[in-house]
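So the structure is just underneath, and the comments pick up after that.
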Amino acid sequence: MRNKNLLALIILLSTLKVSASDSNVDFNKDWKFVLKDSAHYSYTSYVPGDEWKKVNLPHDWSVGLPYDSISGEGCVAFLQGGIGWYSKSFPTTISANQKCYIVFDGVYNNSEYWINGKKLGYHPSGYAPFYFDVTDYLNPNEDNRMTVRVDHSHYADSRWYTGSGIYRDVKMIVTDRLHIPVWGTFVTTPVVTDKYAKVNNQVTVCNSYSEPRAAVVEVVYKDNKGNIAAFEVFSIKLNAGEEKIIDIVSEIKQPDLWSVDTPVLYTAETRIKNGDEVISENTVRFGIRTFRFDADKGFFLNGKNMKIKGVCLHHDAGMVGAAMIRDVWYRRLKTLKEGGCNAIRLSHNPGAEEFLSLCDEIGLLVQEEFFDEWDYPKDKRLNMKETVEDYPTHGYCEHFQEWAERDLKNVMRRSRNHACIFQWSIGNEIEWTYTGCREATGFFGADSNGNYFWNQPPYSKEKIREMWKIQPKHAYDIGRTAQKLAAWTRQMDTTRVVTANCILPSISFESGYIDALDVAGFSYRRVMYDYAKKNYPDKPIMGTENLGQWHEWKAVIERDFVPGMFIWTGVDYLGESGSRLSKWPQKSIGCGLLDMCGYVKPSYDMMKSLWTDKPFIAIYSQTTDKSSYLHVKDGFTDKKGHEWDRRLWVWDDVNSHWNYQKGDSVIVEIYSNCDEVELFVNGKSMGKKYIDDFEDHIYKWAVQYKPGTITAKGKNKLGNTTTAIRTSGKEHSILLTVDKQSIAANGKDVLHVTAQLTDKKGNPVKTTEQMLKFNIDGEYRLLGIDNGNVKNVSPYQSKDIMTYQGRCMLMLQSTEKSSVLNISAETSELHSNKLTINIK
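Mapped onto mature numbering (1 follows the signal peptide of the UniProt record, and there is no 0), the consecutive letters of the sequence shown carry residue numbers -20 to -1, 1 to 820.
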């Protein structure tokens, strides 16, 4: 039946009339947790005692442990793992004609599951979602107990901080035995025009009854205002135990397209009905959009050519660790979007369902990455092939042969309805782990004539091909494994491209690895763009891991065939420290555009000046002796011994304040998208300059410091803007600010409280640090406290902290009780304003 208004009304009324459809229960609340191991915990007769504490999910136990420089490993931020148990008692009232599933979005890791003392199963991956059919394990009309054992005793099993425990959402689904199974719908938009969109809904229906069953399958599409946009009705009959996939094609007229600028979402409500009764229901949000990659012209979204302005992100969020808390990530993603970012690479693992939903809503494209290791392991401490094997570093590689296919496909079933997903990445810098890849490139042998990071390959593609042929053969081949993973991906979805992050593309083109990809991603290999275009002109390429520097972006915008890039990284992340990169107490490299509190850093402002058009100016400075620049007669020269086009991850040391010693020689740096900028010190012009005169895209002035106000005025084709910073005096008080004036008593909403030292005039004081204490009254959950400093290893679960750049952040989460929060802060000498926040 096609779209008729009368029938639409009948369908809508019938769905409201009777509903015995799926019950989706939030399974996150009222768990008990203990960080110790005992076989007794799996039995239903065991009653948790005082050693167990109450927790709500998502929960990461590692982030609540103290930093440990002795037993800890820098690759996971010096935070420990261990073995923990979770236990939850819950009622079920399912009838004989119903089924019950429990769905886990992510548990880190090597987890085992029991219900009422009977074992459900085991799951090694810390990132792939999974579920259990628990129907036959339940005690009807009685309380049931679920227990989970999480074994993260291999606590250094990753090159970055992973967290430990049930750190993503869990839900329980109760449905009819004739039902749409978990992740049982897949909505695509294969044809999109200005006038209509063809929508295909691939619906899986399962009959778990012992006899044949007939039913009606109904699909109702609604726009973002709740209006019916299209619908379809089909009759279906299944034999006992049969599962059937049906493709339902619909048409939505005058569609509103999802894009990074207008992230409009539709809803597909798919129902199975027995007469007027809805017996199973699946609701997903989706976006109507098209995208394609062209080997010559780059990337097109909805037919419009655009550059991908992306950042890579690990899954931790500083003081809350790996726990997926929506409000924390919403604030971070909105800040990145305001800086011009339009895409996220989930590195180097699948993300959380809730994270993808945020990207759908905010308008951020997402590359979801499956694996950091394939057949062979990486050295977790040094990011290369593993050379030393020890117990703490045993990782997912050991499970890859048995689990890779089902984990990859579960990730895709869970993720593929999300409008934001536009690329599937099958791997990250895999070449390091396969013998022969390094050797065949010519970069690393005795006759090597160049640095692989900055130089073209020393061998021709023909010689690389010959060198690859003579390399020793091993049990697993990088090209064959890539083909296998790409084939699994395309079995699940052909509407997105398959890519990977290739660190040695010159060999990956010849080993069969890149042959498996639709788009070849390059990791820090912008110098290879032209090489690839010349030698492999028909293969689309792009940057999938890049430095957050002008020279990287310049390489993209100068080449139509390069669609864009992903910066390492969007936000500082825990881990990958304590090895050759840094030493205790550094818990992070500090290469993010935002720090761990989500505060912007100089590199953020630099990229904002490159990625946005509205007139923008950010002022930074440094004394000449500490600056990266030397003022010479004809301008400025880089005195660090490296050129601007070889700058790396961590931004140069610059200050956002205007506090120096009188008479100091200071280099003022301005990051701006203005064509011209004029600088003033206490009202006196230091001259007007033009961006075209600075090849590194950074305005610079050399001035003698005088206390007061430094002002920059600039303009571009969209208008004018002015920015100023002022010299601060002695700290006089503490200014508390919040991102919300009220939050809901739902146990989920988060309040971000910033404490900033200020002088008597209210100017921020960024050059003096104080030990600050928060005073909090009311109902709340303390999520943590931090100052954004990568060397801060004080415990997160505290109410006092030393400021960094004169500030710090407190994060509080609501409980389910209405309350009034009264928040203040103090040091030994200073006091803050008082905040009153309603929780209702």
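Positions of the beta carbon are idealized from the N, C-alpha and C atoms, including for glycine.
Exercise for the section: Locate the beta strand (DSSP E) running through Q381, then write down its first and last residues. Expected result: Here residue 381 refers to the residue found at position 401 when the sequence shown is read from its first residue. Taken as a continuous stretch (DSSP letters only), Q381 belongs to no beta strand (DSSP E), being part of the alpha helix (DSSP H) at F380 to S395.
Practice task
With G459 as the anchor, note down where its alpha helix (DSSP H) starts and where it stops.
Solution key: Walking along the sequence shown from the start, residue 459 turns up at place 479. It spans I458 to M472 - the alpha helix (DSSP H) in which G459 sits, taken as one unbroken run.
Problem - Bridge partners - M152, DSSP secondary structure assignment - result: Reading the sequence shown from its first residue, position 172 is the one you call residue 152. V5 and I82.
Exercise for the section: Mind checking which residues open and close the beta strand (DSSP E) that includes C482? Expected result: If you number the sequence shown from 1, residue 482 lands on position 502. Element bounds for C482: V477 to C482.
Handout entry: Same chain, Cβ closer than 7 Å to T155, neighbours up to 5 away in sequence not counted
Key = Position 175 of the sequence shown holds residue 155. So the qualifying residues of the chain are D2, Q78, K79 and S260.
Practice task
Tell me where the beta strand (DSSP E) around D518 begins and ends.
Solution key: To locate residue 518, count along the sequence shown from 1; it is residue 538. The continuous stretches of beta strand (DSSP E) do not include D518, and DSSP gives it neither H nor E.
Exercise for the section: Give a yes or no on whether the C-beta atoms belonging to G570 and V630 are separated by under 8 Å. Expected result: Translated into positions along the sequence shown, residue 570 becomes position 590. Translated into positions along the sequence shown, residue 630 becomes position 650. Yes, the Cβ-Cβ distance between G570 and V630 is below 8 Å.
Exercise for the section: Classify T461 as buried or exposed, calling it buried when 16 or more other Cβ atoms lie within 10 Å of its own Cβ. Expected result: Taking the first residue of the sequence shown as 1, we reach residue 461 at position 481. So T461 counts as buried.
Practice task
Leaving out five residues on either side along the sequence, give the residues of the same chain with a beta carbon under 6 Å from the beta carbon of P520.
Solution key: Taking the first residue of the sequence shown as position 1, residue 520 is located at position 540. Non-local beta-carbon contacts of P520 in its own chain, meaning distances under 6 Å to residues more than five positions away in sequence, involve F273, A275 and V499 in chain order.
Handout entry: Bridge partners - S91, DSSP secondary structure assignment
Key = Your numbering for residue 91 matches position 111 in the sequence shown. In the DSSP assignment, S91 is bridged to H103 and V130.
Handout entry: Contact between the segment 80 to 95 and the segment 121 to 138 (3+ Cβ pairs under 8 Å)
Key = Enough Cβ pairs lie closer than 8 Å, so yes.
Practice task
Tell whether a beta-carbon distance below 8 Å holds between A682 and H637.
Solution key: Start at 1 with the first residue of the sequence shown, and residue 682 comes out as number 702. Start at 1 with the first residue of the sequence shown, and residue 637 comes out as number 657. Between A682 and H637, the C-beta gap is not smaller than 8 Å, which leaves the two residues out of contact.
Practice task
Could you name each continuous beta strand (DSSP E) segment of 3 residues or more that falls completely within the segment 204 to 284, going from the start of the chain to the end?
Solution key: Counting only runs of 3 or more, we get 208 to 218, 223 to 233, 246 to 254, 257 to 266, 271 to 274 and 278 to 281.
Handout entry: Unbroken stretches of the beta strand (DSSP E), 3 residues or longer, contained in the segment 579 to 605
Key = For the segment 579 to 605, the continuous beta strand (DSSP E) assignments of 3+ residues that do not extend past its boundaries occur at 597 to 603, in sequence order.
Problem - Pairwise C-alpha distance: K314 and P235 - result: Reading the sequence shown from its first residue, position 255 is the one you call residue 235. Reading the sequence shown from its first residue, position 334 is the one you call residue 314. Their backbone Cα atoms lie some 26 Å apart in a straight line.
Problem - Cβ contact check for the segment 10 to 22 and the segment 31 to 46: 3 or more pairs under 8 Å - result: The segment 10 to 22 is in contact with the segment 31 to 46.
Exercise for the section: Tell me where the beta strand (DSSP E) around A195 begins and ends. Expected result: Within the sequence shown, residue 195 is the residue found at index 215, counting from 1. Where A195 is concerned, the enclosing beta strand (DSSP E) stretches over R193 to K202.
Exercise for the section: Taking P485 as part of the alpha helix (DSSP H), name the residues at either end of that continuous run. Expected result: Working through the sequence shown from its first residue, we reach residue 485 at position 505. First-last of the alpha helix (DSSP H) with P485: P485 to S488.
Handout entry: Exposure of L628, with buried meaning 16 or more beta-carbon neighbours within 10 Å
Key = Position 648 of the sequence shown, counted from the first residue, corresponds to residue 628. Classification of L628: exposed, given that the 10 Å Cβ count is below 16.
Handout entry: Candidates T748, Y584 and W140: closest to R60 by CA position
Key = Walking along the sequence shown from the start, residue 60 turns up at place 80. The sequence as given places Gln at residue 60; Arg does not occur at that position. The shortest C-alpha to C-alpha distance from Q60 to any of T748, Y584 and W140 is the one to W140.
Exercise for the section: Please go through the same chain and pick out, in chain order, the residues whose beta-carbon is closer than 6 Å to the beta-carbon of T479, but skip the five residues on each side of it. Expected result: As a position in the sequence shown, residue 479 is number 499, starting the count at 1. Listed in chain order, the non-local C-beta contacts of T479 below 6 Å within the same chain comprise Q403, S405, L497, V499 and G501, local neighbours out to five positions each way being set aside.
Practice task
Specify, as a first and last residue, the run of the alpha helix (DSSP H) that S188 falls within.
Solution key: The residue given as residue 188 occupies position 208 in the sequence shown. Taken as a continuous stretch (DSSP letters only), S188 belongs to no alpha helix (DSSP H), as it is neither H nor E.
Practice task
Check whether the Cβ atoms of G320 and I547 lie closer than 8 Å to each other.
Solution key: For this step, residue 320 is matched to residue 340 along the sequence shown. For this step, residue 547 is matched to residue 567 along the sequence shown. It is not a contact, given that the beta carbons lie outside the stated cut-off.
Exercise for the section: Report all residues from its chain with a CB closer than 7 Å to the CB of L45; omit the five preceding and five following residues, and keep chain order. Expected result: Here the question's residue 45 lines up with position 65 in the sequence shown. Excluding positions up to five away in sequence, the list reads L59 and Q60.
Problem - Residue environment, H328, which counts as buried when at least 16 other CB atoms sit within 10 Å - result: Counting from one through the sequence shown, the residue named residue 328 turns up at place 348. H328 is buried by the Cβ-count criterion.
Practice task
Could you check the C-alpha separation between V657 and T702 for me, to the nearest Å?
Solution key: Numbered from 1 along the sequence shown, position 677 holds the residue referred to as residue 657. Numbered from 1 along the sequence shown, position 722 holds the residue referred to as residue 702. So the alpha carbons of these two residues sit roughly 9 Å apart.
Exercise for the section: Look at V542 and Q436 and say whether their C-beta atoms are less than 8 Å apart. Expected result: Translated into positions along the sequence shown, residue 542 becomes position 562. Translated into positions along the sequence shown, residue 436 becomes position 456. Cβ distance not < 8 Å, so V542 and Q436 don't count as in contact.
Problem - Proximity to L801 [Cα-Cα], best of I765, N755 and Y784 - result: For the purposes of this step, residue 801 is taken as residue 821 along the sequence shown, with counting starting at 1. By alpha-carbon distance to L801, the top candidate from I765, N755 and Y784 is N755.
Exercise for the section: Assign F433 to one of two classes, buried (16 or more other C-beta atoms within 10 Å of its C-beta) or exposed (fewer than that). Expected result: Taking the sequence shown and counting its residues from 1, one reaches residue 433 at position 453. Exposed.
Problem - Bridge partners - A735, DSSP secondary structure assignment - result: Along the sequence shown, read from residue 1 onward, the residue named residue 735 stands at position 755. Per DSSP, L716 and C788.
Practice task
Note down the Cα distance separating V167 from E198, rounded to an integer number of angstroms.
Solution key: Along the sequence shown, one-based indexing puts residue 167 at 187. Along the sequence shown, one-based indexing puts residue 198 at 218. For V167 and E198, the distance between alpha carbons rounds to 14 Å.
Practice task
Return the chain-ordered ranges of every alpha helix (DSSP H) run that is complete within the segment 328 to 368 and spans a minimum of 4 residues.
Solution key: The qualifying runs are 333 to 342.
Exercise for the section: Identify whether D757 lies in helix, strand or coil by the three-state DSSP scheme. Expected result: Mapped onto the sequence shown, residue 757 falls at position 777. Here D757 sits in strand by DSSP.
Handout entry: Spatial neighbours of D355 in its chain, beta-carbon cut-off 7 Å, leaving aside the 5 residues before and after
Key = Counted from its first residue, the sequence shown places residue 355 at position 375. Result list for D355: F380, Y456 and T461, in chain order.
Practice task
Return helix, strand or coil for L(-9), following the three-state DSSP convention.
Solution key: For the purposes of this step, residue -9 is taken as residue 12 along the sequence shown, with counting starting at 1. Because the pLDDT at L(-9) is just 44, under 50, the model does not fix this residue reliably, and the point stays unresolved.
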